[in-house]
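Have a look at the structure below, then the notes.
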Amino acid sequence: MADINWTKLKPEFDWDRAEEALANKMQGVHQYIEKMNMKTAKITACTFIREWTGATGTIYYHDITLDNGDSGSVGTKEKNSAKIAVGEVVTYNIEEKEFNGRKSYNIKLTAPAPTFTKGGGGYSNPGNQQEIRKSVALNNAVQFLKDSKDKKTAQDVLVTAEVFLKWLEGAVQSVQGGGIEDEQETPF
Numbered sequence: 018m019a020d021i022n023w024t025k026l027k028p029e030f031d032w033d034r035a036e037e038a039l040a041n042k043m044q045g046v047h048q049y050i051e052k053m054n055m056k057t058a059k060i061t062a063c064t065f066i067r068e069w070t071g072a073t074g075t076i077y078y079h080d081i082t083l084d085n086g087d088s089g090s091v092g093t094k095e096k097n098s099a100k101i102a103v104g105e106v107v108t109y110n111i112e113e114k115e116f117n118g119r120k121s122y123n124i125k126l127t128a129p130a131p132t133f134t135k136g137g138g139g140y141s142n143p144g145n146q147q148e149i150r151k152s153v154a155l156n157n158a159v160q161f162l163k164d165s166k167d168k169k170t171a172q173d174v175l176v177t178a179e180v181f182l183k184w185l186e187g188a189v190q191s192v193q194g195g196g197i198e199d200e201q202e203t204p205f
């Protein structure tokens, strides 16, 4: 009977990678749960309570009351923060704490959940679009002239890129009979 090479039969398992993947998954679940518990309400009252100075600076605590009946303590980096002014609408999570048999509520302000609508193309910066067009035109000019048999100069590349750019911008509508309608000559 032949000897069995047990090391080849042993499956390899990267415990560190598996642990990291599980930790990432758990963090995602935790963030999802927090988002699901977010509330939005308008502040109806705000009273400064105290300040606390720690390693990251001073935190100013206020008791706030919201129009949905929630109330609790919130900490901010500014004593008179506009974020917690009466009349402001806030998005938050609320957490119940108990100390010496007395319940209190901590309010953690969060950024509102993003809302997505169907369709739309998002924000478009015209300056960036022009730079993209220039890049595409230059790249295509280089590719076009690279395949030609004649030796080309940098000026030839730039002239060809201009033609491509004008076509991308719509100035050149079509090519007919070897020429371009708006009386521009093409190098190709």
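Per my numbering, the sequence shown runs over residues 18 to 205.
Note that beta-carbon positions come from the ideal geometry of N, C-alpha and C, so glycine has one too.
Cα-Cα separation, residue i to residue j
i    : j    : result
N97  : V46  : 34 Å
E105 : G89  : 16 Å
E198 : A38  : Per-residue confidence for E198 stands at a pLDDT of 47, beneath the threshold of 50, marking its modelled position as unreliable; the derived number appears in the next sentence. About 60 Å.
D167 : V180 : 19 Å
G118 : R34  : 43 Å
S165 : N145 : 31 Å
K100 : T64  : 13 Å
T203 : N157 : Confidence is the limiting factor: at T203 the pLDDT is only 49, short of 50, which leaves the residue's position unreliable, though a coordinate-based value still follows. Using only the alpha carbons, I get a separation of about 14 Å.
W32  : N41  : 14 Å
E36  : G74  : 34 Å
V153 : Q48  : 40 Å
F205 : W184 : Only weak support exists for where F205 lies, its pLDDT of 49 falling under 50; the coordinates are left without a value.
G196 : L182 : Annotation note: pLDDT 46 at G196 (below 50); position unreliable, coordinate value reported separately. C-alpha separation (whole angstroms): 17 Å.
Residue nearest to residue i in terms of C-alpha spacing, selected from the options
i    : options              : result
H79  : K56, S152, K125, N85 : K125
T127 : A154, G187, T57      : T57
I76  : S165, E95, N41       : E95
D84  : E68, G74, V107, W69  : V107
G15  : Q147, N117, T73      : This structure leaves residue 15 out entirely; the chain is present only between 18 and 205.
W69  : V91, Y49, M55, Q48   : V91
7 Å Cβ cutoff met for residue i and residue j
i    : j    : result
V159 : V176 : no
T93  : A62  : no
I60  : V103 : yes
A178 : L155 : yes
Inter-residue CB distance, residue i and residue j (contact presumed, cutoff 8 Å)
i    : j    : result
I66  : D87  : Wrong, their Cβ atoms sit about 17 Å apart, outside the cutoff.
L162 : K169 : 5 Å
E113 : Y122 : 6 Å
Y109 : M55  : 7 Å
Residue i CB to nearest heavy atom of the ligand NAD below 6 Å
i    : result
W184 : Questions concerning the ligand NAD fall outside what the structure shown contains, since it holds no ligand whatsoever.
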